[in-house]
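Residue numbers for the sequence shown, in the working numbering: 4 to 237.
Beta carbons: idealized from backbone N, C-alpha and C, even for Gly.
Worksheet for the structure shown next.
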Amino acid sequence: MKVAALDIDGTLYPGALGLQLLQALTANGISDKSKIEDIFKVVEKYRLNEIDFQIMATTAYNLFAEAIAGISQTVMQRIARQVWQQERTKLFPFVPKLIDILNSQGYSLVLISGSPDEIVCCLAEEFGISKYQGSIFATHQGKYTGKVNLLSGSLGKKYSIFLQMVKDWSVNLEESLAIGDSITDTALLEIVGKPVVFEPHPSLMLIAQEKDWLVTNRNNIVKHIMELGNPFLT
Numbered sequence: 004m005k006v007a008a009l010d011i012d013g014t015l016y017p018g019a020l021g022l023q024l025l026q027a028l029t030a031n032g033i034s035d036k037s038k039i040e041d042i043f044k045v046v047e048k049y050r051l052n053e054i055d056f057q058i059m060a061t062t063a064y065n066l067f068a069e070a071i072a073g074i075s076q077t078v079m080q081r082i083a084r085q086v087w088q089q090e091r092t093k094l095f096p097f098v099p100k101l102i103d104i105l106n107s108q109g110y111s112l113v114l115i116s117g118s119p120d121e122i123v124c125c126l127a128e129e130f131g132i133s134k135y136q137g138s139i140f141a142t143h144q145g146k147y148t149g150k151v152n153l154l155s156g157s158l159g160k161k162y163s164i165f166l167q168m169v170k171d172w173s174v175n176l177e178e179s180l181a182i183g184d185s186i187t188d189t190a191l192l193e194i195v196g197k198p199v200v201f202e203p204h205p206s207l208m209l210i211a212q213e214k215d216w217l218v219t220n221r222n223n224i225v226k227h228i229m230e231l232g233n234p235f236l237t
């Protein structure tokens, strides 16, 4: 069996679904606006290179957990589905074709994202992907507690999530593929035979160049994936 592991934010979707979910929680009066603003301030500090990725991720996810503390998981799931219906049209145009090609090439698809599991599942359902994992926030009696159970967007975490996902499959890693755009995808890209780097952040671009990984973009990814499946096309 060969597997294709796909990132979402920045790879299939031009942005972060989790941040869209945060904005919707504020717009619906479900979460405190000031707490949400604090998360965006942390993300902005990272974009300005004022803090490193790991500090940004850990801080932002903890603030996210605090911002949704006391909210019903059922409400969160409902808002996530509303957000998905708004944002699904903003996926990169190549996404349906890419998924069709990967399916036709015999890959078993999995999704691994740093965005909350409540919205990652919406994309998975849309494209019939049975295995997926997003970040998980702790709940008790149906409400969020303010704690993080799984920070899937932290450095190196996607690697361990992937291995857990496919532990019952007989996977040929050399024939498997992973697509990602950020430093969080590095450990996963390193273990597959076909690493694909999509419009990478500068930190991942340096690694991709050192390791001679395939670097692609929204205009060429379908062509490159077809070539990976059929080397005679190159």
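Identified DSSP bridge partners for residue i
i, result
"residue 184", "For residue 184, which the question treats as bridged, DSSP gives no partner whatsoever."
"residue 140", "151"
"residue 54", "Answer is none; residue 54 lacks a bridge partner."
"residue 219", "201"
"residue 12", "16"
"residue 135", "114"
First and last residue of the uninterrupted beta strand (DSSP E) at residue i
i, result
"residue 198", "197-201"
"residue 7", "5-9"
"residue 22", "Segment 20-30 is the alpha helix (DSSP H) holding residue 22; no beta strand (DSSP E) there."
Residue range of the alpha helix (DSSP H) that includes residue i
i, result
"residue 165", "160-168"
"residue 107", "98-107"
"residue 126", "120-129"
Test item: CB-CB of residue i and residue j under 8 Å
i, j, result
"residue 7", "residue 179", "yes"
"residue 78", "residue 63", "no"
"residue 210", "residue 105", "no"
"residue 115", "residue 155", "yes"
"residue 60", "residue 157", "yes"
"residue 168", "residue 113", "yes"
Residue i, DSSP secondary structure in three states
i, result
"residue 171", "coil"
"residue 117", "strand"
"residue 237", "For residue 237, the predicted model reports a pLDDT of 48, less than 50, meaning its position is unreliable and no value from the coordinates is stated."
"residue 37", "helix"
Do the segment 76-95 and the segment 60-67 meet, that is, are 3 or more Cβ pairs less than 8 Å apart? no
Under 8 Å: do the segment 72-83 and the segment 133-150 share three or more Cβ pairs, one atom per stretch? yes
Does the segment 26-39 touch the segment 125-138, meaning 3 or more C-beta pairs lie closer than 8 Å? no
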